[in-house]
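The structure under discussion appears below in the form of structure tokens.
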Amino acid sequence: MAEDPDYESLPSNAGLAVNMLAGALAGISEHAVMFPIDSIKTRMQVFATSPVAVYSGVGNAFAKISSTEGLRALWRGVSSVILGAGPAHAVHFGTLEAVKELAGGNEAGNQFLATSLAGASATIAADAFMNPFDVVKQRMQVHQSEFRSVWACARTVYRAEGIGAFYVSYPTTLAISIPFNAIQYTVYEHVKRFMNPRNEYSPQSHILAGGIAGAAAAAVTTPLDVAKTMLQTRGVASDADIRNVRGMFDALRVIWARDGIRGYGRGLTPRVLTIMPSSALCWMSYEFFISVLLYSHRPVVLYTASTLATNEIEQFNLTAFLALDTNHTLTSPFTPLVAILPVTPASFHSILDLLEPFLKYGEPSVREVVIVCPASVISDVRLRLQDISRSVQSVGHPDISVLLSPDPLEQASAVLRAAADTGTDSLLVMDDEGLKGLSEAMHRTLLRSPALLLPFGPKGAPLSTSQSSVDTRIGRLSPAEYLVPPFVAPAFLLSSFTSNTSLGIWADLGKKTATYYSHPVGGLLLEIAAEPSISAQSDRLMLGDPAFELDSFVAPVQTFRNARFIFFLPTLDDLRRATPLICSMSRTSATQMTVLVYDEMPSELSQQDLKEGYLHGFNCVVKYDILTGRLPPSFTGKGSKALHKWLNKIDRSPTAVLSVQEMDSFAASLRSKSVRELFHGATMIEIPRNDLDHSEWMTSLSAEEWKNWHTPRIDICVITKDRAQSLSRLFDSLSTAPYFGDSVGLRINIEQDSDTETLDVVSNLSWPFGHTYIHRRVIHGGLLPAVLESWYPHNDDSYGVLLEDDVEVSPFFYAWIKMAILRYRYGEATDRNQNLFGVSLYQQKHLELPLGGRQAFDPRSFFSKAGLRHPNTPYLSQVPCSWGAVYFPEHWRDFHDYLSFRLAEHAITIEDNVVEDVRSNHWSNSWKRYFIELVYLRGYVMLYPNFEEFLSLSTNHLEVGSHVKVRSAENEELFSLPLMQLQKPGESCRLLELPHGRLPGTNLLPVLNLTGSLTSLEEIKKRGISKRENLFTCESPTGSDEDLPFLCAGTWKIPEPFD
């Protein structure tokens, strides 16, 4: 997820303009909504002589005014408020935040004086602007007012009473407003901090705190408000004493004389009723507009996470983010590091000592040491590095580079600036002491660390309220509020981090880290008592106590790492469709995304322009740029000016460029070679508009997988004979699936004796997603050759989805296939397993091969009982699926070769059993019998889904055919599975209901043998080799290897690993 805004630390994220604009919008909202109640308050405070204008309460006033003057009278003067409230509140909130920061009101602790001073200062400035507008407003609000426009009223008052009339009440206004705002702001801050201790944006707490603060301030200052109303309406009064009132104390005297103590409470109820909701609305609006305006200072996508109360720190679980396998082994590999070392005039003499840990260990995980130093010592540093390079061996040592930082720049800021320019996943951040004073065990741990999601290191501020800690074999981990160097941190946390607050740069980093992950932890303190236990064979860290499930602080996979994406979307509606994908990307890891909306409805402007906007949806806010104007966008010509302005401010080396599959000229230009070169070879992906709604699954793809998006070519192969109705159902399900812009070929293989209805279904088929190929046999062959001849790979990037006509597929079947192929064929090298022969669409509900007969099988229950950490994991099985699966090219070619060898009976007869004790030995006419033999001898496996309640990507309707002689409701119930449907708006994609939201690494997938027992890839390969050696006599009659039987080890054609 992306970093949450710290709404209450405004000076660190927003300038004066942001505060003023948010205040202006909040002020207009507040006064406009509450204006009718304010009009009633003014009427009740005026000492009227007409009985029609005397009111006993709010309800009475509303009834009299609406019946005698009409409801519009309650809105008279509102234009004066709108004209004045916006600028006045802009001044108010701008001054408020500026003075609060200068007076230390943003610091921790009780800041009563600072907040009171800020409120008073803001009032003096704002009321000087607002007072004339308030005078005009109240002159228009009184009973039988002669004024109908703001300008007419202002002109009349000025001519009759002079400029002083607009400010006669200013001292009284200040006498009201200073205590009012001091009380309001102080009460608001205290109530807000009590209700919202983490200072996050929370409408409920802002509304309640604002309402309480406004009510308290209104009640205390009502007597002064009565005096102010008398002063501001004296010009329209018929009472001579009131018309001659000269100031606040004079007004208070007249009020006492006319109405006694009760006079000071005139209008108390409507005043509280006005100010309480208006104050709540004002503060809520202000905080809301701040939250929106602050997004321009944040990453492109901002995800608002739920608030975690302070008392939950005690229950914080350190075991929420680490990935362990079934042996409680930390599976995250050691991550490549870039170490950043600041060198100062005081420390450059010790540079050899500072570099010694990196030169001594020659740790391969440290890719580079970046020395950051000011200009005053950079020459000396380079000379010393030359001396060092002559005295040490270069083999196995990291690169050392020198980065210049401006002399005045503070050391920590220089380190952060260097961090932003690195291209690695993890950073070792040091101060000018380097790793001095740390044990060798700590040295090794910091230099050879797993890919943690949180900063970790030996120094920092522990969370005083937390007792949570975990012992591992690398040491004891405990939560910290923040860390100080040296520590290891994910690069994405530092690359976009800036600090301008008074907290201190490392404390601020801890605060931002905690906000980013929506928990109170800003880092992990590491204590080491002994050397860490490191497995050289597995290159993993082993946990000391398997009872601890450290599932939260090691990244299972950094899906995007430093990936960058550009979205070109024609309209805002397209952006709304893509929001689930964009928001999910932001929550998965640090991803830089830039969005341009280029073809929204043209504005009246003839010139093209570029503006910013924000779209709320799917629990996040997306910042986008939008091209306006009548000129169509273009990379060349008249429409290129604003576009090139936009291009010049973004990173043009993205991982992928995503756009909508359109027929417009701009979309066409994105396909041109020159534009592709403009983005430096990025993967260009066009997604059909309707498919955008269902693209959230793409958030699981790594940068490497995105780069290979267009590499696999997938064909759908349908085998049919005489089940026309079933074939139509299959075609319907295939046609409703999204293919995300891919060209997908459809191959239809028809048996020789197919019926007329089936041929009609095929001839009437429309397939807009790619080429259609029709094959019809001239001689009846049966199901075995029909399947074998339905597809043959063109190359090692060709894939075949084999579907019999009684199968029906889920709308997500293609997404599942694409996700799995990209992951296990084109993802990280460690996940490309040459023994994986395909991906099943069907979720196993039974074990079909045990000799005792078919057995019910629930993988989730089975894995849970076996003690697996993630019972919802997909898994590997040796059983090939015939009810919807994609097969891989090398293995399908291998099957063809094996079947040719097997049917020729060169080494064994057809009656001989290759696999012992499985039911498939009796399937004499089934292609699966021979494929099962092949996977057994080769040690091949297939990936199977494992979603909740057997939710599947395909199902079988068990129609009568080659292997089903009688269809029964009982059998259909046994094999029919619910299909995964497209999600509704606002719902998450169920395809991502996987461990950590993506397909696990190959080494984390459970492996089942042919009869459903847990095993390992190594074990099934050994068993296959052993069977081959026992089954075949591998002796060449001629002495040449070419004459060895096909299944002998010497001629075993294992597919080469793919690049």
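Under full-length UniProt numbering, residues 1 to 1059 are what the sequence shown spells out, in order. Even glycine gets a Cβ: it sits at the ideal position worked out from N, Cα and C.
When Leu-494, Ala-786, Gly-504 and Leu-525 are compared, the shortest CA-CA separation from Gly-457 is found for Leu-525. Each residue's CA atom was taken as its position, placing Val-778 and Asp-796 some 30 Å apart.
The residues Asp-134, Val-135, Gln-138, Arg-139, Val-168 and Ser-169, in chain order, have a CB closer than 8 Å to that of Gln-232 in the same chain once the five nearest residues on each side in sequence are set aside. Per DSSP, reduced to three states, the secondary structure at Met-942 is strand. In this structure, Phe-129 places its C-beta atom within 8 Å of the C-beta atom of Gly-84. Under a 10 Å Cβ-count criterion, Asp-353 is classified as exposed, with fewer than 16 other Cβ atoms of the shown protein chains found around its own Cβ. Partner residues in the beta bridge of Gln-855, as assigned by DSSP, are Leu-847. Shown here, Lys-984 sits in coil according to DSSP, grouped into three states, outside any helix or strand. In summary, Thr-736 is exposed, with fewer than 16 beta-carbon neighbours lying within 10 Å of its beta-carbon over all protein chains present.
Inter-segment contact for the segment 112-128 and the segment 152-159 is absent: fewer than three beta-carbon pairs are separated by less than 8 Å. Excluding the 5 residues flanking it on each side, Thr-95 has same chain C-beta neighbours closer than 6 Å at Ser-121, Ala-122 and Ala-125, in chain order. Using a C-beta cut-off of 8 Å, the segment 214-221 makes contact with the segment 180-194, since at least three inter-stretch Cβ pairs fall below that distance.
When C-alpha distances from Gly-434 are compared across Arg-417, Lys-459 and Leu-454, the shortest belongs to Lys-459. Of the candidates Leu-337, Val-369 and Pro-374, the residue whose Cα lies closest to the Cα of Ser-347 is Pro-374.
In this structure, the beta-carbon distance from Val-372 to Leu-403 falls below 8 Å.
When DSSP reads this structure, Leu-836 sits in a beta bridge with Val-941. With respect to the C-alpha of Gly-939, the residue from Phe-147, Ser-877 and Leu-899 having the closest C-alpha is Ser-877. Between the beta-carbon of Leu-759 and that of Thr-1011 there is about 41 Å, and that puts the pair past the 8 Å contact cut.
Nearest in C-alpha terms to Gln-843, of all of Lys-818, Phe-837, Asn-872 and Asp-831, is Asn-872. Residues Phe-348, Ile-351 and Leu-352 of the same chain have their beta carbon placed closer than 8 Å to that of Arg-384, with the five preceding and five following residues left out of the count. When the beta-carbon positions are compared, Ser-726 and His-957 come within less than 8 Å of each other. For His-775, the secondary structure class from DSSP, reduced to helix, strand or coil, is strand.
Between Asp-431 and Val-343 a beta carbon distance of about 10 Å is seen, past the 8 Å cut, so the two are scored as non-contacting. As for any beta strand (DSSP E) of minimum length 3 sitting wholly inside the UniProt repeat "Solcar" (110-194), there is none. For Ser-478, the enclosing beta strand (DSSP E) stretches over residues 475-483. Annotated as proximal: Val-488 and Pro-455, with beta-carbon spacing under 8 Å. Around Arg-860, the same chain offers Pro-871, Asn-872, Asn-946 and Glu-948 as residues with beta carbons nearer than 8 Å, after the five sequence neighbours per side are excluded. One Cα belongs to Trp-706, the other to Met-698, and the distance between them is close to 9 Å. When DSSP states are grouped into helix, strand and coil, Arg-747 belongs to the strand group. Beta-bridge pairing by DSSP links Cys-373 to Leu-404.
Secondary structure of Leu-463 (DSSP, three-state): coil. Within its own chain, the residues whose Cβ lies closer than 8 Å to the Cβ of Gly-210, once the five positions on either side in sequence are excluded, are Tyr-188, Ser-279, Ala-280, Leu-281, Cys-282, Trp-283 and Met-284, listed in chain order.
When DSSP states are grouped into helix, strand and coil, Ala-907 belongs to the coil group. When secondary structure is reduced to three states using DSSP, Gly-781 falls in the coil class, being assigned neither helix nor strand. A Cβ-Cβ distance of about 14 Å is found for the pair Leu-974 and Ser-952, leaving them out of contact under the 8 Å criterion. By the Cβ-count criterion, Leu-273 is buried, with 16 or more other Cβ atoms from all chains shown falling within 10 Å of its own Cβ.
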